[in-house]
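Undergrad: Numbering (our numbering), first residue to last: 16 to 172. All C-beta atoms, glycine included, are put in the ideal place defined by N, C-alpha and C. Below are the structure tokens for one structure; questions will follow.
Take a look at the structure:
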């Protein structure tokens, strides 16, 4: 992990990790497992956390990894710092394949528009590159630039 204050790399720490759950009632079960394994953990029932832009983008990313044909999560990720497209670029993509799913328009744009090709490369290959543990440095970096580098708690740099 990159420590912004010390401007150097450091080992990952427990405080750098967040586990998002669909259902808060199952949190005690996970807390017991973490405790049994010697992993410090707590459950935050503050639902405001899930409204933070960083968390919303990560949830959108998980949704399109599961099903890239979900237009709203796909547009959210394309507009986020992970890809960084502007509104006019999203409109250009939509116009590339009117009447087709937005995901198909994204794929056509990548094929037919060289100037946008590289900016779309990561999201489309993300499903192949996501690893169960680690390997998320690019995503972490992208998420750290929300709010001009001011991150919420537990979103690593």
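(1) Taking its Cβ as the centre, do 16 or more other Cβ atoms sit within 10 Å of residue 77, making it buried, or is it exposed?
(2) Which residue's Cα is closest to the Cα of residue 91: 109, 71, 19, 17?
(3) Buried or exposed for residue 88, please, with buried defined as at least 16 other CB atoms from any protein chain shown within 10 angstroms of its CB.
(4) Would you say residue 42 and residue 58 are within 8 Å of each other, going by their C-beta atoms?
(5) Do you know offhand how far residue 149's Cα is from residue 73's?
(6) Contact defined as beta carbons within less than 8 Å: I believe residue 100 pairs with residue 110. What is the distance between those atoms, to the nearest angstrom?
(7) Starting from the C-beta of residue 18, find all residues in its chain whose C-beta is less than 6 Å away, skip the five residues before and the five after it, and write them out in chain order.
(8) Just to confirm, is the Cβ distance from residue 108 to residue 124 under 8 Å?
(9) To the nearest angstrom, how far is the alpha carbon of residue 95 from that of residue 69?
(10) DSSP three-state call for residue 52: helix, strand or coil?
(11) Quick check: residue 29 and residue 54, are their CB atoms within less than 8 Å of each other?
(12) Inspect the beta-carbon positions of residue 39 and residue 60 and report whether they are closer than 8 Å.
(13) Give me whichever residues DSSP pairs with residue 17 in a beta bridge.
(14) In terms of alpha-carbon separation, which member of 50, 45, 121 lies closest to residue 98?
TA: By the coordinates alone:
(1) Stepping through the chain shown from its first residue, residue 77 is reached at position 62. It is exposed - the Cβ of residue 77 has fewer than 16 other Cβ atoms within 10 Å.
(2) One-based indexing of the chain shown puts residue 91 at position 76. The candidate whose alpha carbon is nearest that of residue 91 is 71.
(3) Here residue 88 refers to the residue found at position 73 of the chain shown. Buried, by the Cβ-count rule.
(4) Reading the chain shown from its first residue, position 27 is the one you call residue 42. Reading the chain shown from its first residue, position 43 is the one you call residue 58. Contact: yes.
(5) The residue you call residue 149 lines up with position 134 of the chain shown. The residue you call residue 73 lines up with position 58 of the chain shown. Reliability of the predicted coordinates at residue 149 is poor, the pLDDT of 42 falling under 50, and the value obtained from them is presented with this limitation in mind. For residue 149 and residue 73, the distance between alpha carbons rounds to 15 Å.
(6) Working through the chain shown from its first residue, we reach residue 100 at position 85. Working through the chain shown from its first residue, we reach residue 110 at position 95. Not really, about 14 Å apart at Cβ, beyond 8 Å.
(7) To locate residue 18, count along the chain shown from 1; it is residue 3. Answer for residue 18: 25, listed in chain order.
(8) Sequence index remark: in the chain shown, residue 108 carries index 93 (1-based). Sequence index remark: in the chain shown, residue 124 carries index 109 (1-based). It is a contact, given that the beta carbons lie within the stated cut-off.
(9) Here the question's residue 95 lines up with position 80 in the chain shown. Here the question's residue 69 lines up with position 54 in the chain shown. The straight-line gap from Cα to Cα measures roughly 9 Å.
(10) Residue numbering aside, residue 52 sits at position 37 when the chain shown is read from its first letter. Three-state DSSP puts residue 52 in coil, outside helix and strand.
(11) Reading the chain shown from its first residue, position 14 is the one you call residue 29. Reading the chain shown from its first residue, position 39 is the one you call residue 54. Cβ distance < 8 Å, so residue 29 and residue 54 count as in contact.
(12) Counting from one through the chain shown, the residue named residue 39 turns up at place 24. Counting from one through the chain shown, the residue named residue 60 turns up at place 45. Yes. Within cutoff.
(13) Looking up residue 17 in the chain shown gives position 2. DSSP output for residue 17 lists 24 as bridge partner(s).
(14) Within the chain shown, residue 98 is the residue found at index 83, counting from 1. Nearest C-alpha to residue 98: 121.
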